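In mature numbering (1 follows the signal peptide of the UniProt record, and there is no 0), the protein residues as written are -33 to -1, 1 to 240.
No residue lacks a Cβ here, since even glycine has one placed at the ideal position from N, Cα and C.
These numbers come from a predicted model, not from an experiment.
Report on the following structure.
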Amino acid sequence: MKLSRPVSVAPVWRMLLLAIWCCCCLLPSTVTGKTAFDTSKPEFIRTCRFTDPQFVECSTDSVQGLFDKLVTGIEGLEHVGTIDPMKISKIRILQGDGPVSVNASLSKVVVTGFASTKVIRNVVSSKDYGWETHIRLPKMRLEGSYHMQGRILVIPLNGHGKCWFEPSGMDIIMRTTTSLYERDGHVFYNVTATKVDYTISGLRLHMGNLFEGVKVLEDSTNQYLNDNWRPVSEALKPIIAKTIEDILLAIMQNIFHQLPADYFVADLPRQSG
Ligand SMILES: *[C@@H]1O[C@H](CO)[C@@H](O)[C@H](O)[C@H]1NC(C)=O
Ligand SMILES: *[C@@H]1O[C@H](CO)[C@@H](O)[C@H](O)[C@H]1NC(C)=O
């Protein structure tokens, strides 16, 4: 994953002025033409059937297999690199109102921890072919360079420098909508949207060079943010969820325009019957 392109521009959270531009190292949706996977199914994909009484167990296993393989990268899969570490060239955050009011950017972001992703449950709807995926991430670390102006709760934050964030015990529920289409004798998922909800059981963070090097203020602010990680992360939740959604959507669109859906679920409907 190199390459930088804006993935989305998403305004409006409730009636607040919220917009996030997430520029990450991913190409948007469409991948046309033949892919490396047209003629043979990669061995790591476990194929399931709706008609199997153990479908949910099977499909959970199947998605876990995909995650495990994505960690090191899947040969032949274009525009999707390794996910641990995952590199994102830029994330922009702009929110004008509410408990968080910030104009910030994170660049040269490196995210580690996805290697230990545990897929708890994956359900595919046999009615609309959407998925509900529950995953657990014991520990994640995000580091990069930040530029920030604004405030979180009552804390003014102004500065630029290095930062890191370490959420732990992350439980994520992802609801993804898809439509099906056919190409080269295969059924594919067109991933159209994803909604993310999550909880965490801890957060440690550090923002260096806050207040342009006024060390006393920097130390006390970092201390405050860590001591109050729960309300801080609650306040940031809509921004973080939206950022995760944008990143995941781009990755999933890339993957599923290349890997046929029928490799995962053999009895998805086809127009030809
Ligand atoms: C946000 O910050 C950037 C860089 O400091 C600046 O160019 C931009 O005008 C700011 N946007 C708003 C809405 O304040
Ligand atoms: C996928 O869905 C989007 C949005 O509905 C649509 O514009 C696009 O044409 C679809 N792509 C394919 C290959 O079906």
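TODO: Using only the heavy atoms of ligand 4, determine whether one of them is closer than 8 Å to the beta carbon of Leu73.
DONE: In the structure shown, ligand 4 is absent; the only ligands present are ligand 1 and ligand 2.
Task: Identity of the residue in Asp19, Phe22, Leu61, Leu226 nearest Ile119 by Cα - done: The sequence position of residue 119 within the sequence shown is 152, counting from 1. Cα-wise, what sits closest to Ile119 is Leu61.
Task: For Tyr191, the three-state DSSP class (helix, strand or coil) - done: For the purposes of this step, residue 191 is taken as residue 224 along the sequence shown, with counting starting at 1. Three-state DSSP puts Tyr191 in a helix.
- [ ] Counting only the same chain and skipping the five closest in sequence on each side, list residues whose C-beta sits under 8 Å from that of Leu203.
- [x] By 1-based counting over the sequence shown, the position of residue 203 is 236. The answer, listed in chain order, is Val67, Ile119.
Open item on the list: According to DSSP, Ile55 sits in a beta bridge with which residue or residues?
Closed with: Position 88 of the sequence shown, counted from the start, is the residue given in the question as residue 55. According to DSSP, which records beta bridges pairwise, Ile55 is partnered with Val76.
- [ ] Can you tell me which of the three DSSP states Leu226 falls into?
- [x] As a first step, residue 226 is located in the sequence shown; it is residue number 259 there, counting from the start. The answer is coil: DSSP assigns Leu226 none of H, G, I, E or B.
Open item on the list: Would the region 173 to 193 count as touching the region 115 to 133 if we require 3 or more Cβ pairs under 8 Å?
Closed with: yes
Open item on the list: For Val38, tell me which candidate among Asn157, Ser83, Ser93, Phe17 has the shortest Cα-Cα distance.
Closed with: Translated into the one-based positions of the sequence shown, residue 38 becomes position 71. Selected option, being the one with the closest Cα: Ser83.
Open item on the list: Could you tell me which whole beta strand (DSSP E) segments of length 3 or greater appear in the region 61 to 134?
Closed with: 67 to 79, 85 to 91, 98 to 106, 108 to 119
Task: Any non-hydrogen atom of ligand 1 closer than 8 Å to His114 Cβ - done: The sequence position of residue 114 within the sequence shown is 147, counting from 1. Yes - ligand 1 has a heavy atom lying nearer than 8 Å to the Cβ of His114.
- [ ] Answer yes or no: the CB of Leu61 versus the heavy atoms of ligand 1, is any distance below 8 Å?
- [x] On the sequence shown, position 94 is the one that residue 61 refers to. Answer for Leu61: yes, Cβ within range of ligand 1.
- [ ] State whether the region 140 to 147 contacts the region 160 to 173, with contact taken as three or more CB pairs (one from each stretch) at a distance under 8 Å.
- [x] yes
Task: C-alpha distance - Thr161 paired with Ile218, whole-angstrom precision - done: Sequence index remark: in the sequence shown, residue 161 carries index 194 (1-based). Sequence index remark: in the sequence shown, residue 218 carries index 251 (1-based). Going by the C-alpha atoms only, they are around 11 Å apart.
Task: Under 9 Å between C-beta atoms of residue 242 and Phe231 - done: The structure shown does not extend to residue 242, since the chain spans only -33 to 240, so no value can be given for it.
Open item on the list: Under 8 Å: does the beta carbon of Asn125 sit that close to some heavy atom of ligand 1?
Closed with: Taking the first residue of the sequence shown as position 1, residue 125 is located at position 158. Not under cutoff, so the answer is no.
Task: Outcome for Lys75 when other beta-carbon atoms lying within 10 angstroms are tallied against a minimum of 16 - done: Locating residue 75 in the sequence shown gives position 108, counting from the first residue. Lys75 comes out exposed.
- [ ] Drop a sphere of 10 angstroms on the beta-carbon of Leu(-31), count the other beta-carbons inside from all chains shown, and report buried for 16 or more, exposed for fewer.
- [x] Counting from one through the sequence shown, the residue named residue -31 turns up at place 3. Residue placement at Leu(-31) is poorly supported in this model, since its pLDDT is 37, which falls under 50; the coordinates are not used for a value here.
Open item on the list: Suppose contacts are defined by Cβ-Cβ distances below 9 Å. Is Val77 in contact with Gly111 by that definition?
Closed with: The residue labelled residue 77 in the question sits at position 110 within the sequence shown. The residue labelled residue 111 in the question sits at position 144 within the sequence shown. Yes, Cβ-Cβ distance for Val77 and Gly111 is below 9 Å.
Open item on the list: Just to confirm my understanding: we take Val23, look at its own chain, exclude 5 residues before and 5 after, and list those with CB closer than 6 Å. What are they?
Closed with: On the sequence shown, position 56 is the one that residue 23 refers to. Once the five neighbours on either side are set aside, the close Cβ partners of Val23 are Val90.
Open item on the list: According to DSSP, Lys162 sits in a beta bridge with which residue or residues?
Closed with: For the purposes of this step, residue 162 is taken as the residue at position 195 of the sequence shown. Partner(s): Arg142.
Task: heavy atom of ligand 1 below 8 Å from Asn176 C-beta - done: Residue numbering aside, residue 176 sits at position 209 when the sequence shown is read from its first letter. False, no ligand heavy atom lies under 8 Å from that Cβ.
- [ ] Compare the C-alpha of Ile87 against each of Pro105, Tyr96, Ser187 and name the closest.
- [x] Your numbering for residue 87 matches position 120 in the sequence shown. That would be Pro105, whose Cα lies nearest to the Cα of Ile87.
- [ ] Leaving aside the five residues before and after Phe34 along the sequence, list all residues of the same chain whose C-beta is less than 7 Å from its C-beta, in chain order.
- [x] For this step, residue 34 is matched to residue 67 along the sequence shown. Answer for Phe34: Thr84, Val86, listed in chain order.
Open item on the list: Does the beta-carbon of Asn70, which I'm using as the reference point, lie nearer than 8 Å to any heavy atom of ligand 1?
Closed with: Reading the sequence shown from its first residue, position 103 is the one you call residue 70. Correct: Asn70 has its Cβ closer than 8 Å to ligand 1.
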